[in-house]
Amino acid sequence: MAGPVPVYVVLPASVLARSPSSQDGVDPSTERRHRFFGCELIQEAGVLLRLPQVVMATAQTLLQRFYYRKSLRQFDAFRVAISCLFLAAKVEERPKRIKDVLSVFYAMFRRRKWKRTVVPHQLVDLDGATYSQWRMWLIMVERQVLIDMGFSVYNVTEHPHKYVLYYVKVLDGSSKLAQQAWGYINDSLRSDLCVRYSAQVIACAAIFLASRFLGVALPENPPWYSLFGVDKRQLYAVSVAIMELYKQEKIEWLEPLTETNPFAVDDHPVEEQAVVETNEEACASNEKIKSGKEISPQEPSSFEAHFDISNINYLEAME
Numbered sequence: 001m002a003g004p005v006p007v008y009v010v011l012p013a014s015v016l017a018r019s020p021s022s023q024d025g026v027d028p029s030t031e032r033r034h035r036f037f038g039c040e041l042i043q044e045a046g047v048l049l050r051l052p053q054v055v056m057a058t059a060q061t062l063l064q065r066f067y068y069r070k071s072l073r074q075f076d077a078f079r080v081a082i083s084c085l086f087l088a089a090k091v092e093e094r095p096k097r098i099k100d101v102l103s104v105f106y107a108m109f110r111r112r113k114w115k116r117t118v119v120p121h122q123l124v125d126l127d128g129a130t131y132s133q134w135r136m137w138l139i140m141v142e143r144q145v146l147i148d149m150g151f152s153v154y155n156v157t158e159h160p161h162k163y164v165l166y167y168v169k170v171l172d173g174s175s176k177l178a179q180q181a182w183g184y185i186n187d188s189l190r191s192d193l194c195v196r197y198s199a200q201v202i203a204c205a206a207i208f209l210a211s212r213f214l215g216v217a218l219p220e221n222p223p224w225y226s227l228f229g230v231d232k233r234q235l236y237a238v239s240v241a242i243m244e245l246y247k248q249e250k251i252e253w254l255e256p257l258t259e260t261n262p263f264a265v266d267d268h269p270v271e272e273q274a275v276v277e278t279n280e281e282a283c284a285s286n287e288k289i290k291s292g293k294e295i296s297p298q299e300p301s302s303f304e305a306h307f308d309i310s311n312i313n314y315l316e317a318m319e
């Protein structure tokens, strides 16, 4: 009888070379957009649910790992994002009720897809077919994530956050440097860097980018990152990948790539239209719901327009 499927914090090259989505004909650019979209949903929902950043980091890592097991043709990013956040909250001992998680994602769904916002007490009809359907989706996908992780969700996530503060302290860096690096780590979770490189490498890349942004000099002889077992090639590769994320346009909604689109029909009753606002009005009244603007309840987003994209050329020239 076959043994359990092995799990790795950093996935082997044989797995990274060809994802299930690419085997199903999804081009790399489209796959990256859907992964990015799912991670953005997790971050926004986590902020609205007042979850600590570690929960969103775990959820985003689970999503990235999951799509090296399953294809976007089978599981759409929206429903996977719901289940990964719900599961991650339990893993990090900050559980949320299914009702609360679904209410937040339902509000995000209406705003992103249908350009509507409902008043809080009408987010979800908890006795209706919509809630029952979404609850079934959450449970079904959560179980599939657990199966594909080998039920070892505690062993497949290692976050750079726990290293960056220690590294900055060793380098005698400032709290501002640590905060800026923390923001870059949060942003890096929109990509699959968390399964391609170790947490130590990502932490060093975040410190490198933060030092460049703040104009902070770090030891060069010997190179400071060598103290933490990171080589130059990996450092620059991760730094360039993080900077590439800032070229990504804001994504409001992506239709699923599954054979059947579960979100194709607007099933909201006509009388509900009386309590909805236009998207423009919602933008003015719901400042807290801004995708890509609020990365963490504690830290400012480094996605805001403060980093000159020309730094990518600098990084590439350094390789």
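If you read the sequence shown in the UniProt record's numbering, its first letter stands for residue 1, the second for the next number, and so on.
We put the beta carbon where it would ideally sit given N, CA and C, even for glycine.
- The way I'd put it, the stretch 9–21 does touch the stretch 55–68; three or more beta-carbon pairs between them come closer than 8 Å.
- Around Thr-58, the same chain offers Ala-88, Val-91, Glu-92, Thr-157 as residues with beta carbons nearer than 7 Å, after the five sequence neighbours per side are excluded.
- Straight through space, the alpha carbons of Leu-85 and Arg-135 are spaced by roughly 14 Å.
- The straight-line gap separating the alpha-carbon atoms of Glu-40 and Arg-190 is approximately 7 Å.
- Between Leu-214 and Leu-177, the gap from beta carbon to beta carbon is short of 8 Å.
- DSSP places Glu-158 in the coil class of the three-state scheme, outside both helix and strand.
- Going by beta carbons, Pro-256 and Asp-76 fall inside the 8 Å limit.
- Contact annotation: Tyr-154 and Val-10 have beta-carbon atoms that are not nearer than 8 Å.
- Within the model, the alpha-carbon separation for Leu-102 versus Leu-51 is close to 15 Å.
- The continuous stretches of alpha helix (DSSP H) do not include Ile-251, and DSSP gives it neither H nor E.
- When DSSP reads this structure, Glu-40 sits in no beta bridge, so it has no partner.
- Under DSSP, the beta-bridge partners assigned to Glu-220 are Pro-223.
- C-alpha of Gly-183 to C-alpha of Val-164: approximately 11 Å in a straight line.
- Val-230 is positioned such that its CB atom lies no closer than 8 Å to that of His-161.
- When Ser-29, Leu-48, Gln-60, Ser-174 are compared, the shortest CA-CA separation from Val-104 is found for Leu-48.
- Here the alpha carbons of Lys-250 and Met-56 stand approximately 19 Å from one another.
- By the criterion of a C-beta distance shorter than 8 Å, Leu-63 is surrounded in its chain by Arg-35, Gly-38, Cys-39, Ile-42, Ala-77, Val-80, Ala-81, Cys-84, once the five residues flanking it on both sides are discounted.
- By the CB criterion at 8 Å, Ser-239 and Ala-203 fall outside the cutoff.
- Cβ contact annotation for Leu-209 (same chain, cutoff 7 Å, sequence separation greater than five): Tyr-184, Ser-239, Ile-242, in chain order.
- The beta carbon of Ile-139 lies closer than 6 Å to none in the same chain, with the five residues before and after it left out.
- Excluding sequence positions up to five before and after Gln-60, its CB lies within less than 6 Å of the CB of Cys-39, Ile-42, Leu-189, all in the same chain and listed in chain order.
- For Lys-232, the uninterrupted alpha helix (DSSP H) run begins and ends at 232–244, by DSSP.
- By the criterion of a C-beta distance shorter than 7 Å, Trp-224 is surrounded in its chain by Leu-171, Leu-218, once the five residues flanking it on both sides are discounted.
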